[in-house]
Amino acid sequence: MSSTIRSSVFKMGGVAAAVALVATGCATGTGGPEEPEVTSSFPPDAELSGELTVMGFGTSDEIGQTRYDLATEELANVDVSLVEGQLNIQQFLSAVATGEPPQLIYADRNQIGTFASRGAIMPLDKCISGEGIEIDNFLDTAVEQVTFDGKAYGVPEFNQVQVLFANSELLSEANMELSDVDGSDWDRIEAAAEAMVKRENGDLKVIGYDTKLPEFLPLWVHANGGALISEDGRTAQLNSPEVVEALTFASSIYDLQGGFSEVKAYRDSTDFFGAGNQFATGTLGAMPMEQWYINVLNDVSPDAPVTFTTFKSKDGEPFSYSSGSTWAIPAGSSNPEAACRFIKTMTATESWMAAAEARATEREKAGKPFTGLFTANVEADRKIKETFVEDAGAENWNAAIDAAYEANDNGFALPANPADAQFQTAWQDAVNSVLNGQQDPQEALDQAQEKAQSVLDKAWESWESGD
Amino acid sequence: MASVIAGKKEKVQLRPGQRRNRRRNVRAALLFISPWILGMLVFTAWPIFYSGYLSLTDYDVINDPTFIGLDNYAQMLQDPKVSLALWNTFIYTVVSVPLQVLISLALALLLLRVGRASGFFRTAFYLPNMTPPVAIGIILLLIFNGHDGLVNEILEVFGIDGPAWTTDPDWIKPGLILMNLWTLGASVIIFLAALHNVPQEMIDSARVDGANSWQVTTRITVPMISGTIFFIFIVNTIASFQTFTEAYTAYFGAGGTTYSTDAALFYVIYLFQQAFEFLHMGYASAMAWLLFVIIMAVTAVQVLISRKLVYYEGGR
């Protein structure tokens, strides 16, 4: 039996080697990715037809459905179909590899650099000018995120920002103010974490302060006056003093409270989206968090003693780490004109206003306040706030709305680069190894810096050699 | 035409009519299995061979592959995450496979004794196999939560302060190994079928000769089902080397969290990251071929060892 298997192994290896050799003889290679050629001029008055498959977008709520209805109305002669759910990279890449990509994708903004640098999506400059998409109306940070090597490869929508959430009762018990935990004074944060953390019989009962690592490292670095990457997206700055200090501080807050392992286990055990959330149950003092969580808390525990403010840098300036979604047209899209018209309608101020009206109506029916909408379209944000956002009925929820809008106006973003995913993995691995107690911040970030710079250099070189 | 009798090849002369019948039968058999052969060639053989080619290229899925020779294999030698992922996978396999075999065999032996109720227990043990692996990954995070997970609640009853299974790197692999036992129902069913085939008269004879239950189990039952044990060992070893979904869901994908841990970085997870997150399909293909070679080598060693330990009724 064993000899049979041994013989099979050798035979299989031989055949594989032979096939590989034959196949390599046929390999062509392109010598590197190239920017796809865009031939259409995207005339705004053209009658459009054909098919439009949209991958990664869903109509699960009134914001999506209202705008989708308007877009399909605009493309009355186009057969529009959705591949719903978050963009599945495997599915998208498989479609690209077979030469039949979807006509339009809806992706995270942090994926644009990777896709653009490999020639998977087309520059949208002609689409934007042809269809008259008012890109100047969009948030600068959002546009920067979808701009690669000087060209816009996406039209952004939605903007996620963070605000500071705090339990007012726990703050009061600890003789602390909201300004003590808003990020501007790290000594006060440390004092607040120590004052609010509670243990009973050795078990953690209240988390004093959650710095939300690993995901919010960029927030702490920015608060400390640093940046993870240079503005042109070419140079990693992971072991700069600002980053090392930020990671050292943010991870030390967990150490003060029993260590990251214990804090995370406790955090994971809570009913994050339900009435048993950390603020309703008084088991968390303060944390920075994305603005969408305001609506969750308002829905499930409107009377929770939670209060809000913007997160601030050490010099007291409000800011947030901006992220969101974007529309992009794959290279080889068979109907880029329809895709561009679809994008224009989905991101137009009028469409956002219609969507906001639908949302405000739904909230009113439910007896809940409408806390605003962050569209990445500045004009739409302003009009929506003026038209639909009203008094939320309680001081703390009004503060939440104000904080979110202020955060939205003061965002920063990491620039697009051709190694987005690997760069992100490099710094997140460093944070995780510190949180897991495997490395100290300087050692972890030195290692991450080396890795990140290496992948950035390789990716930029590959992109430039294909030009 | 040769036929194999008791391991020796012997030429048998066939008459012309018999040869025609044999050829006709072979043609008919090939015709009947041709859909499977076609499917195997298109969906299994070709992708395997093509991945061998891709392993010699720089390929990002979007642009054409560029031949780079053995660079991907050389890079693997330099990549600390490859050795880390291999080590994690090796440890996981070495602990989890014997544990799974031992526990499923013990459960099957117990089921053999419960008589008419065994149908219920067979179903009960097999039911977890129907749970999607992604759900198992999520359940893992819940029941092994270090703060108030079910496992630690049970340990607390016995006065044991349970560890942080899902957040302490030292306890993450043990948690995954224990969670893997959730799906040992399939092995239990196979063992049970094998145990039913152990001749009762052999067991009766041993008892007449004064053998106790332990002796019957270790000297008759286990040797008689050694072929099945070997099969389960091989199948579970291969599955362990390819473990992915539960660990990926729990530590690399669930809830959009960016927390992950190197302790759960199994080889196929790293391969997946290279292929679909970093778009290094050529490198991932090379990793896949390394895994293939490792699995073949381990299986070959297991087969060699089995020659001394496995009993086949009627010879090998």
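Chain order of the listed sequences is A and B. Each residue of the first sequence is one higher than the one before, starting from 1 at the first, in this note's numbering. Each residue of the second sequence is one higher than the one before, starting from 468 at the first, in this note's numbering. Positions of the beta carbon are idealized from the N, C-alpha and C atoms, including for glycine. Predicted, not measured: the structure shown is a model, and the values here were computed from it.
Pull the bridge partners of residue i from the DSSP assignment, please.
| i | result |
| --- | --- |
| Glu-51/A | Asp-79/A |
| Asn-612/B | BP columns for Asn-612/B are empty, so no partner. |
| Asn-167/A | Val-306/A |
| Thr-147/A | Ala-152/A |
| Asp-108/A | Ser-325/A |
| Asn-377/A | Phe-138/A |
| Lys-312/A | Pro-318/A |
| Tyr-209/A | Ala-286/A |
| Pro-330/A | Ile-121/A |
| Gly-411/A | Ser-320/A |
| Thr-533/B | Asp-525/B |
| Lys-383/A | Beta-bridge pairing links Lys-383/A to no other residue. |
| Arg-199/A | Leu-204/A |
| Gln-469/A | Residue coverage of chain A in this structure runs from 1 to 467, which leaves residue 469/A outside it and unanswerable. |
With C-beta atoms as the reference, is residue i less than 8 Å away from residue j?
| i | j | result |
| --- | --- | --- |
| Pro-690/B | Tyr-778/B | yes |
| Asn-398/A | Asp-391/A | yes |
| Glu-62/A | Thr-347/A | no |
| Leu-104/A | Ile-329/A | yes |
| Gln-442/A | Val-244/A | yes |
| Ala-552/B | Tyr-734/B | yes |
| Ala-331/A | Leu-52/A | no |
| Ser-773/B | Val-564/B | no |
| Trp-427/A | Leu-228/A | yes |
| Phe-319/A | Phe-412/A | yes |
| Ala-376/A | Phe-138/A | yes |
| Gln-91/A | Ala-193/A | no |
| Val-549/B | Tyr-737/B | yes |
| Pro-101/A | Ser-333/A | yes |
| Asp-402/A | Met-287/A | no |
| Asp-527/B | Arg-118/A | yes |
| Gly-225/A | Glu-242/A | yes |
| Glu-177/A | Leu-170/A | no |
| Gln-438/A | Pro-636/B | yes |
With burial defined as no fewer than 16 other Cβ atoms inside 10 Å of the residue's Cβ, what is the status of residue i: buried or exposed?
| i | result |
| --- | --- |
| Ile-610/B | buried |
| Phe-10/A | Note on Phe-10/A: pLDDT 38, under 50, position unreliable in the model; the coordinate value appears next. It is exposed - the Cβ of Phe-10/A has fewer than 16 other Cβ atoms within 10 Å. |
| Ala-275/A | exposed |
| Gln-162/A | buried |
| Met-55/A | buried |
| His-663/B | exposed |
| Met-353/A | buried |
| Trp-463/A | buried |
| Ser-680/B | exposed |
| Gly-484/B | exposed |
| Leu-776/B | exposed |
| Asn-175/A | exposed |
| Val-431/A | buried |
| Ile-692/B | buried |
| Glu-144/A | buried |
| Val-480/B | Rather than Val, the amino acid found at residue 480/B in this sequence is Gln. Burial call: exposed. |
| Arg-487/B | exposed |
| Glu-364/A | exposed |
Would you mind giving the Cβ-Cβ distance between residue i and residue j, rounded to the nearest angstrom? I have them listed as a contact below 8 Å.
| i | j | result |
| --- | --- | --- |
| Ser-752/B | Leu-521/B | 4 Å |
| Val-389/A | Phe-370/A | 6 Å |
| Asp-420/A | Gln-111/A | 6 Å |
| Val-562/B | Thr-712/B | Actually they are not in contact, since the Cβ atoms of Val-562/B and Thr-712/B sit about 19 Å apart, beyond 8 Å. |
| Gly-113/A | Ala-416/A | 4 Å |
| Asn-703/B | Gln-567/B | 6 Å |
| Ser-261/A | Ala-631/B | 5 Å |
| Gly-282/A | Val-206/A | 7 Å |
| Thr-165/A | Phe-308/A | Here the sequence assigns Phe to residue 165/A, which means Thr is not the residue at that position. Contact holds; Cβ gap of about 6 Å. |
| Ile-189/A | Ile-343/A | No, Ile-189/A and Ile-343/A are not in contact; Cβ-Cβ is about 42 Å, not under 8 Å. |
| Ser-325/A | Arg-109/A | 7 Å |
Report yes if the C-beta of residue i is less than 7 Å from at least one heavy atom of the ligand GDP; otherwise report no.
| i | result |
| --- | --- |
| Met-507/B | In the structure on display, the ligand GDP does not appear, and there are no ligands present to speak of. |
Within 8 Å, do at least three Cβ pairs link the stretch 64-83 of chain A to the stretch 299-313 of chain A? no
Under 8 Å: do the stretch 257-271 of chain A and the stretch 610-619 of chain B share three or more Cβ pairs, one atom per stretch? yes
Between the stretch 565-582 of chain B and the stretch 644-659 of chain B, do at least 3 Cβ pairs fall closer than 8 Å? Between the stretch 565-582 of chain B and the stretch 644-659 of chain B there are three or more inter-stretch CB-CB distances shorter than 8 Å, so the stretches are counted as touching.
Does the pairing of the stretch 651-671 of chain B with the stretch 737-745 of chain B give three or more beta-carbon distances under 8 Å? no
Are at least three pairs of beta-carbons, each pair with one atom in the stretch 122-129 of chain A and one in the stretch 86-103 of chain A, less than 8 Å apart? no
Determine, using beta-carbon pairs with one atom in the stretch 142-161 of chain A and one in the stretch 358-369 of chain A, whether at least three such pairs fall under 8 Å. Taking 8 Å as the limit for Cβ pairs, the verdict is that the stretch 358-369 of chain A does not touch the stretch 142-161 of chain A.
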